[in-house]
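> Have a look at this one before I ask anything.
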Amino acid sequence: MNDDLLHAYLQHHWAGSSAGTAMFERVGRTHSDPDVAARVRQLATEVNEEREQLRQIIVATGADPSRIAAATGRAVEFVGRFKPNGRLVRRSPLSDLFELEALRDAVAGKRAGWQLLRTATEDDARVDALQLDELIRRADDQLARLEDLHLRVGRTVISA
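Position one of the sequence shown corresponds to residue -11 (the numbering used here), numbered consecutively onward.
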């Protein structure tokens, strides 16, 4: 096992988890549909719990979660808010849809990270394979819920 590469990989996912957590929390506060916002807030809680599990994995492999990576991830999420949407003053109805797509992308990336970590650390006693199996299962469940929300919101936005 090349610990330097493993730690670099984990730090990249740490940055991503920081951005993802911030994005879930923001969408949970700003989504125009109160039911969707509540469901996203529940997902935000789950994503934050999984971020803590990632922190534990990083520590178990002998590294410390990078504060710089976390700050960079949050900064990237913040800058990502400033996208052209055809509206200068008001929020575009497409924002609700695009944000759900971004959340789906974030969870898909997280899932890919758990899968690779599961495969790459199969013989590494520092990493709990059962924990990773559960994290993959949770990501699958989150993707299914986000897909449902995305299609519901998309149908409403596009047909309005």
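A virtual CB, placed ideally from N, CA and C, is assigned to each residue, including glycine.
Mapping the DSSP letters down to three states, classify Pro149 as helix, strand or coil.
Not covered by the structure: residue 149. The range shown for the chain is -11 to 148.
> Taking C-alpha atoms, which residue in Met(-11), Leu(-6) and Ala3 lies nearest to Gly97?
Ranking the options by Cα distance to Gly97, first place goes to Ala3.
> Look at Thr107 and Leu(-6) and say whether their C-beta atoms are less than 9 Å apart.
Cβ atoms of Thr107 and Leu(-6): not closer than 9 Å.
> My understanding is that Val141 touches Leu105, with C-beta atoms under 8 Å, so please give their C-beta distance in whole angstroms.
Between Leu105 and Val141 the Cβ distance is about 31 Å, and since that is not below 8 Å, they are no contact.
> Keeping to the same chain, check which residues put their C-beta closer than 7 Å to that of Asp112; ignore five residues upstream and five downstream.
So the list reads Met(-11), once near-sequence residues are dropped.
> Going by alpha carbons, who is nearest to Glu40 out of Asp136, Asp116 and Ser6?
Minimum Cα distance to Glu40 is reached at Ser6.
> Taking Ile146 as the reference, give the member of Ser80, Asp52, Glu122 and Leu118 with the closest Cα.
Here the closest residue by C-alpha is Ser80.
> Between Arg125, Arg99, Asp136 and Glu122, which lies nearest to Gly8 when the distance is taken from Cα to Cα?
The residue with the shortest Cα to Cα distance from Gly8 is Arg99.
> Can you give the Cα-Cα distance for Arg101 and Ile124, rounded to whole angstroms?
Rather than Arg, the amino acid found at residue 101 in this sequence is Gly. So the alpha carbons of these two residues sit roughly 9 Å apart.
> Could you check the C-alpha separation between Ser83 and Asp21 for me, to the nearest Å?
One C-alpha to the other measures close to 12 Å.
> Under 9 Å, do Leu(-2) and Thr33 count as touching if we go by C-beta distance?
No, these two residues do not count as a Cβ contact at 9 Å.
> Mind checking Arg143: buried by the 16 CB within 10 Å criterion, or exposed?
It is exposed - the Cβ of Arg143 has fewer than 16 other Cβ atoms within 10 Å.
> If we count the other Cβ atoms within 10 Å of its Cβ and call it buried at 16 or more, is Val223 buried or exposed?
Absent from the model: residue 223. The displayed extent of the chain is -11 to 148, so no value can be given.
> When you compare each of Gln119, Ile56 and Asp128 to Asp93 by their alpha carbons, which one comes out closest?
Cα-wise, what sits closest to Asp93 is Asp128.
> Just verifying my parser: in three-state terms, what is the DSSP assignment at Ser5?
DSSP places Ser5 in helix when its eight states are reduced to three.
> Arg17 and Arg27 - do their beta-carbons sit closer together than 9 Å?
The answer is no: Cβ separation not under 9 Å.
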